Structures are given as C-alpha cells and as structure tokens.
Amino acid sequence: MQLTTALAALGIIASVNAIDINLYGPFVCEGTYATCRNHAQDKCCGHPRLQYNSVKFDYLPAEWDLQLRGYQGGSCSRRTKTLRSKGFSWRCFYEGPFTGAGYGFNNKKRGEIGGSAQEDIGECQVPDVLVLQDGTEYSLKGVDENTISSIFESLGDIITAHDIPGGAEDLRLL
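Using mature numbering (1 follows the signal peptide of the UniProt record, and there is no 0), the letters of the sequence shown map in sequence onto residues -18 to -1, 1 to 156.
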C-alpha cells in the first residue's frame, strides 16, 4: 500500500512538473498557438519548414534551473537563443522567427552551456494541440501534414473555430 501511495505521489509530481512549449504566429506570446504538451527535456518541439514569431515555455518549475532554447533553420537544427528559467513559471522568446524550441537542465560545464551553433537535438515533435484565443483546445494528433501546415501558417488569423483552415470538423475537441 505504501509503495502504491509513493508511486501515485511521484506521478502527481511528474505531471505537475510537465512543461509546455507554445509556438505563436505573428503575435508575441499571445493569441492562438500550437503547443507541445508535457514536453520532454532535450527534445525538439517545432516544424522542419514553418516559422513562429515567438515561443513561450509554460509551467516551468520554479525550483529548477533550466536552459531554454530557441532554434532556426528547420526544427531544432541551429540554436539562436538561450535563456535560463531563473525561477520564473514561464518565459517568452520574442525575437523570432523560430522553427523549434527545447529545454534542458543547466548542469553542464560553463563552456558547454551555450551549445553549438550547428547543434541538432534530433527528432522533432510537431505540436500536438491547437489552443484558440478563447481557450478552446483541439488535438492535432493524427491530422494530415497539409492540414497541420495550413493551420500553423494561419495562427495569427485563427481566433475562433470558424477561422481554422479546412474547418474544425476534422479536429477532436479536448
């Protein structure tokens, strides 16, 4: 029984510490966005061909010293921005364009913290949720690449479900 309770507590702690990476169209960390929910450290969130004006890291644990990263050149192929979380619960990168973002812990030697300009952190997760300005959420899992590209290219124009390219009928409401 104690083991079950301990495992449940660890699960709650892990879910509380899940970080979202939100990718925005023409606006600075506001409006409709595409997000990689509960994103893992040292993994990429982005798209190989599309660009975003700003990136918001959400639900950052205040007690963690994280290195937040913004990339250009397709997904996470070239790091262009690095910032420490410094106890904030969220941080915004607004000097886009960005094609991807990620994070990791600041536990490297001083010379390694900046990272390589040609760094590629591997396979990139395409955002899996679309969040409208009113808070309505749609799953993007299983949506075809052309539809996802149309949605991401139109982030600044999407305010309601009626504005989603191709309509919201093919998307699952969360």
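Beta carbons are placed, not taken as given, at the ideal position from N, Cα and C, and that holds for glycine.
Keep in mind that this is a model prediction, so the values were computed, not measured.
Bounding residues of the alpha helix (DSSP H) (the contiguous stretch that carries residue i)
{"i": "Glu135", "result": "Glu127 to Glu135"}
Whole-Å CB distance - residue i paired with residue j, under 8 angstroms assumed
{"i": "Phe80", "j": "Gln54", "result": "6 angstroms"}
{"i": "Thr14", "j": "Ile141", "result": "7 angstroms"}
{"i": "Ala(-1)", "j": "Tyr41", "result": "6 angstroms"}
{"i": "Leu114", "j": "Ile133", "result": "So it is not a contact: roughly 11 angstroms between Cβ atoms."}
{"i": "Arg66", "j": "Asn89", "result": "With 8 angstroms as the limit, Arg66 and Asn89 do not qualify as a contact, their Cβ atoms being about 12 angstroms apart."}
{"i": "Leu32", "j": "Ser131", "result": "7 angstroms"}
Terminal residues of the beta strand (DSSP E) in which residue i lies
{"i": "His21", "result": "Tyr15 to His21"}
{"i": "Trp72", "result": "Trp72 to Phe75"}
{"i": "Ile146", "result": "Counting along the chain, Ile146 falls outside any beta strand (DSSP E), and DSSP gives it neither H nor E."}
{"i": "Ile83", "result": "It should be pointed out that residue 83 corresponds to Ala in this sequence rather than to Ile. Ala83 -> beta strand (DSSP E) spans Gly82 to Phe87."}
{"i": "Gln54", "result": "Leu48 to Gln54"}
{"i": "Gly28", "result": "Cys26 to Gly28"}
{"i": "Ser67", "result": "Premise fails: Ser67 is in no beta strand (DSSP E) and is neither H nor E."}
{"i": "Leu5", "result": "Ile1 to Tyr6"}
{"i": "Glu119", "result": "Glu119 to Ser121"}
{"i": "Asp110", "result": "Run containing Asp110: none; DSSP gives neither H nor E here."}
{"i": "Phe39", "result": "Ser36 to Asp40"}
Close beta carbons around residue i, own chain, < 8 angstroms, minus the five adjacent residues each side
{"i": "Gly86", "result": "Gln23, Asp24, Leu48, Gln49 and Arg51"}
{"i": "Asp110", "result": "Thr17, Cys18, Arg19, Ser121, Leu122 and Lys123"}
C-beta contact flag for residue i and residue j at 7 angstroms
{"i": "Tyr6", "j": "Tyr34", "result": "yes"}
{"i": "Cys74", "j": "Cys26", "result": "no"}
{"i": "Ser57", "j": "Gly78", "result": "no"}
Neighbourhood of residue i by C-beta distance below 6 angstroms, restricted to the same chain and skipping five residues each side
{"i": "Asn20", "result": "Ala(-1)"}
{"i": "Leu156", "result": "Glu119 and Ser121"}
{"i": "Pro8", "result": "Asn35 and Gly138"}
{"i": "Gly148", "result": "Thr129"}
Own chain partners of residue i with C-beta closer than 7 angstroms, once the 5 adjacent residues on each side are dropped
{"i": "Phe70", "result": "Leu42"}
{"i": "Ala150", "result": "Tyr120 and Ala143"}
{"i": "Arg154", "result": "Tyr120 and Ser121"}
Residue-level contact to chain D via CB, residue i, 7 angstroms cutoff
{"i": "Gly86", "result": "Here chain D cannot be found, since the structure has a single protein chain."}
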